[in-house]
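Asker: Please see the structure below; I have some questions.
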Amino acid sequence: MKIKVILLTTILYASLTLSSNANLFESDELLHFTLEAPLKSLLDQRGEIERYKPVDLPYLNGVLIYEDKGDESVALDVRIKARGNTRRMREVCDFPPIWVNFKKKKVKGTEFEGQNKLKLVTHCGEEGDSSEQIVLKEYLAYRIYNLITEYSFRVRLAKVTYVDTNDHRRPVTRYGFFIEDENNMAERNNTVSLRINEVTREMYDPALLNIYDIYMFMIGNLDYSVLKAEPNSRCCHNARLMIHPEKENLVVPVPYDFDHAGLVAAPYARPPKSLNLRSVKQRLYRGFCHHDGIVESSIEILNERKKAIYDLFEHTEGLNFQSRKESQNYLKSFYEIINDPKKLQRQIHEKCQGEKPEPLASAR
Numbered sequence: 004m005k006i007k008v009i010l011l012t013t014i015l016y017a018s019l020t021l022s023s024n025a026n027l028f029e030s031d032e033l034l035h036f037t038l039e040a041p042l043k044s045l046l047d048q049r050g051e052i053e054r055y056k057p058v059d060l061p062y063l064n065g066v067l068i069y070e071d072k073g074d075e076s077v078a079l080d081v082r083i084k085a086r087g088n089t090r091r092m093r094e095v096c097d098f099p100p101i102w103v104n105f106k107k108k109k110v111k112g113t114e115f116e117g118q119n120k121l122k123l124v125t126h127c128g129e130e131g132d133s134s135e136q137i138v139l140k141e142y143l144a145y146r147i148y149n150l151i152t153e154y155s156f157r158v159r160l161a162k163v164t165y166v167d168t169n170d171h172r173r174p175v176t177r178y179g180f181f182i183e184d185e186n187n188m189a190e191r192n193n194t195v196s197l198r199i200n201e202v203t204r205e206m207y208d209p210a211l212l213n214i215y216d217i218y219m220f221m222i223g224n225l226d227y228s229v230l231k232a233e234p235n236s237r238c239c240h241n242a243r244l245m246i247h248p249e250k251e252n253l254v255v256p257v258p259y260d261f262d263h264a265g266l267v268a269a270p271y272a273r274p275p276k277s278l279n280l281r282s283v284k285q286r287l288y289r290g291f292c293h294h295d296g297i298v299e300s301s302i303e304i305l306n307e308r309k310k311a312i313y314d315l316f317e318h319t320e321g322l323n324f325q326s327r328k329e330s331q332n333y334l335k336s337f338y339e340i341i342n343d344p345k346k347l348q349r350q351i352h353e354k355c356q357g358e359k360p361e362p363l364a365s366a367r
């Protein structure tokens with residue numbers, strides 16, 4: 004199979020160094036800022052989504068205002084536009100997710116130094132707390148993967164006040180979060196981001212691929228692919244692929260977009276029709292079969308991170324009691340599976356794709 008690979012970042016591995024572009028995501032402190040922009044025009048960018056056909060929306064001028072550590076007000080000129088597929092549909096979300104484009108030369112010395120264009124995940128509905136709980140749970144889905152592996156997108160939680168410069172909407176304050184830029188994430192991990200149309204299992208780092216698949220099972224996410232791209236898109240669905248020069252140029256998958264995961268369970272989320280599942284909360288393992296102790300190593304990592312993962316839900320501002328307990332119970336059911344030989348055999352080893360490993364005697 005011939006595959007055309009287009010490297011997005013330079014292949015000067017020896018000179019890769021972490022710079023100040025990571026500062027925004029090195030802190031877990033809640034970020035407060037105001038976004039002043041023509042919000043009515045932003046909302047008009049919602050609409051019918053023609054699947055697999057990209058739409059080039061115009062940027063809108065805005066101002067992002069925050070207070071620095073010296074309590075000085077900092078105003079940054081930005082350009083914003085709606086982004087996404089499902090969440091940009093008018094009938095799905097009242098407010099779309101946003102691209103925030105900074106003027107890179109103007110952010111030097113600010114909280115956003117080194118940033119260029121960032122994804123901002125926003126509230127979907129206008130109903131307040133219930134919509135914000137979805138944002139917080141998706142933020143925590145990213146944070147869980149951060150605890151499992153560095154090959155993950157960092158996130159920064161924010162409390163955003165939206166001010167409509169068109170004077171058509173009252174200001175509202177809602178939780179949201181920024182997602183680390185792809186190239187910055189690649190640089191941080193000494194990897195190279197790439198474009199590829201399709202990939203084979205053999206091209207992946209097997210240990211990191213298994214961590215990826217078991218994590219998807221953990222959060223109940225079926226809205227992903229590790230082999231093929233959608234039409235007019237890069238491989239793979241809801242993942243970015245990296246090449247690691249220190250790992251024989253093996254491919255590393257880095258996931259994003261978890262709103263359809265059972266852990267998050269956005270109101271519009273539905274499982275793929277082909278799987279005949281009733282709810283996104285139902286887990287189904289879609290990963291490959293592995294031998295040589297790879298699955299066991301993944302389970303060991305997840306068990307080591309268990310307390311830290313649970314603690315995320317205890318200490319995240321804004322997460323209410325119901326969301327915290329529902330999420331922790333959902334994670335508890337996952338840990339019961341991976342630590343029970345019979346359940347592990349039935350729900351992972353017997354469901355995996357490829358040659359099935361021999362069952363342990365205690366699982367028979």
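Heads up: the sequence shown is residues 4 to 367, going by our numbering. Think of the CB as a built atom: it goes at the ideal place given N, C-alpha and C, for glycine as much as any other residue.
Quick check on this structure: which residue in K106, Y165, K111, P99 has the alpha carbon closest to the alpha carbon of R177?
Answerer: Y165
Asker: Check V352 in the structure and name its three-state DSSP category.
Answerer: Note on identity: in this sequence residue 352 is His, with Val being the wrong assignment. Reduced to three states, the DSSP call for H352 is helix.
Asker: Can you give the Cα-Cα distance for P360 and R173, rounded to whole angstroms?
Answerer: 59 Å
Asker: L347 to I68, Cα distance in whole Å?
Answerer: 50 Å
Asker: Apply the 10 Å Cβ neighbour rule to S301 and answer buried if 16 or more other Cβ atoms are within range, or exposed otherwise.
Answerer: buried
Asker: Once DSSP output is grouped into helix, strand and coil, what is the label at P258?
Answerer: Judged by DSSP in its simplified three-state form, P258 adopts strand.
Asker: Would you tell me roughly how many angstroms separate the C-alpha atoms of M206 and V254, rounded to the nearest one?
Answerer: Those two C-alpha atoms are separated by around 6 Å.
Asker: I need the DSSP call for F28, collapsed to helix, strand or coil.
Answerer: Note: F28 maps to helix in three-state DSSP.
Asker: Below 6 Å CB to CB, which residues in the same chain sit around L322 once its five sequence neighbours on both sides are set aside?
Answerer: The residues are L139.
Asker: Would you kindly work out how many angstroms separate the C-alpha atoms of N24 and E153, rounded to a whole number?
Answerer: Because the pLDDT at N24 is just 45, under 50, the model does not fix this residue reliably, and the value given afterwards should be weighed accordingly. Taken atom to atom, the span from the alpha-carbon of N24 to that of E153 is near 16 Å.
Asker: Considering only the alpha carbon of each residue, which of D170, R157, I297, L280 lies closest to D184?
Answerer: R157
Asker: Three or more beta-carbon pairs under 8 Å between the segment 277-294 and the segment 231-241, yes or no?
Answerer: no
Asker: Count the other CB atoms within 10 Å of the CB of S236; is the residue buried (16 or more) or exposed (fewer)?
Answerer: It is exposed - the Cβ of S236 has fewer than 16 other Cβ atoms within 10 Å.
Asker: Consult DSSP for P360 and reduce its assignment to one of helix, strand or coil.
Answerer: coil
Asker: Buried or exposed: which applies to K5, given that a residue is buried once 16 or more other Cβ atoms fall within 10 Å of its Cβ?
Answerer: For K5, the predicted model reports a pLDDT of 39, less than 50, meaning its position is unreliable; a value from the coordinates is still stated below. So K5 ends up on the exposed side.
Asker: Mind checking which residues open and close the alpha helix (DSSP H) that includes V138?
Answerer: From DSSP, the alpha helix (DSSP H) with V138 extends over 132-151.
Asker: By alpha-carbon positions, which one of V175, F180, R198, S330 ends up nearest to N186?
Answerer: R198
Asker: Alpha carbon to alpha carbon, how far is P248 from P256?
Answerer: The straight-line gap from Cα to Cα measures roughly 14 Å.
Asker: Secondary structure at M245, three-state DSSP: helix, strand or coil?
Answerer: strand
Asker: Helix, strand or coil for Y114, going by three-state DSSP, please let me know.
Answerer: The question names Tyr, but residue 114 in the sequence shown is Glu. E114 falls in the coil class under three-state DSSP.
Asker: Please return the same chain residues whose Cβ sits closer than 7 Å to the Cβ of L150, not counting the five positions on each side in sequence.
Answerer: R308, A311, I312
Asker: Three or more C-beta pairs closer than 8 Å, one from the segment 97-110 and one from the segment 66-85: is that the case here?
Answerer: yes
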